[in-house]
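Asks:
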Amino acid sequence: MNSSSHIREASDAIVVSNLELSAHVGVPDFEREHPQRLTLNLTVFPKRGFHNLGDDLNHTVDYFALTRRIRKLAAERPRKLIETLVEEIAECILGEFAVAAVEVELRKYILPDTEFVAVRVMRTGFESPTAGVAIF
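All residue numbers for the sequence shown refer to the working numbering, where the first residue is 390 and numbers rise by one.
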């Protein structure tokens, strides 16, 4: 399957909304001392279109395994930036799951007088991992 067919079938999506994560993240040392609640919104575009699944879990993205892997990655080590974590999550998904493209939004609840701060990346399996991070 070439890259154009991946992109063509990438219109089918699996969405995970408000996945709760626990991670040691923050620029000041004290902020990384205790795990913080983060939430993740994720859209993955499987390499195989839904019409080609044959009702077989082995032909799609196992979202239980996907969310378990994301939780493990978030808890593995401390990070200063949520930008670092969101990029690692996108790279992990593209590298370990049958996904042509991914959009990941990671929310942190730290600033007073705001609901949250979020970073979002959109990546394809054919893109350089050095592409920019959007901050919302």
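Even glycine gets a Cβ: it sits at the ideal position worked out from N, Cα and C.
1. Is the beta carbon of V475 closer than 8 Å to that of T432?
2. Less than 8 Å between the beta carbons of L483 and V493, yes or no?
3. Across which residues does DSSP place A490 in a beta bridge pair?
4. Please report how far the alpha carbon of S406 lies from the alpha carbon of N430, in whole angstroms.
5. Does DSSP classify K461 as helix, strand or coil?
6. Going by C-alpha to C-alpha distance, which of F486, T503, D502 and K497 sits closest to R509?
7. For T456 and E420, I'd like the C-alpha separation in whole angstroms.
8. V414 to H423, Cα distance in whole Å?
Replies: In brief:
1. On the sequence shown, residue 432 is found 43 positions in, with the first residue counted as 1. On the sequence shown, residue 475 is found 86 positions in, with the first residue counted as 1. Not closer than 8 Å, so no.
2. Stepping through the sequence shown from its first residue, residue 483 is reached at position 94. Stepping through the sequence shown from its first residue, residue 493 is reached at position 104. It is not a contact, given that the beta carbons lie outside the stated cut-off.
3. Position 101 of the sequence shown holds residue 490. Its beta-bridge partners are F434 and T513.
4. Against the sequence shown, residue 406 aligns to sequence position 17. Against the sequence shown, residue 430 aligns to sequence position 41. Taking the straight line from one Cα to the other gives about 5 Å.
5. Within the sequence shown, the letter at position 72 stands for residue 461. Looking at K461 - three-state DSSP - the assignment turns out to be helix.
6. The count along the sequence shown starts at 1 and reaches residue 509 at position 120. Nearest of F486, T503, D502 and K497 to R509, Cα basis: K497.
7. For the purposes of this step, residue 456 is taken as residue 67 along the sequence shown, with counting starting at 1. For the purposes of this step, residue 420 is taken as residue 31 along the sequence shown, with counting starting at 1. Roughly 25 Å separates the two Cα atoms.
8. Within the sequence shown, the letter at position 25 stands for residue 414. Within the sequence shown, the letter at position 34 stands for residue 423. The alpha-carbon atoms of V414 and H423 are separated by roughly 9 Å.
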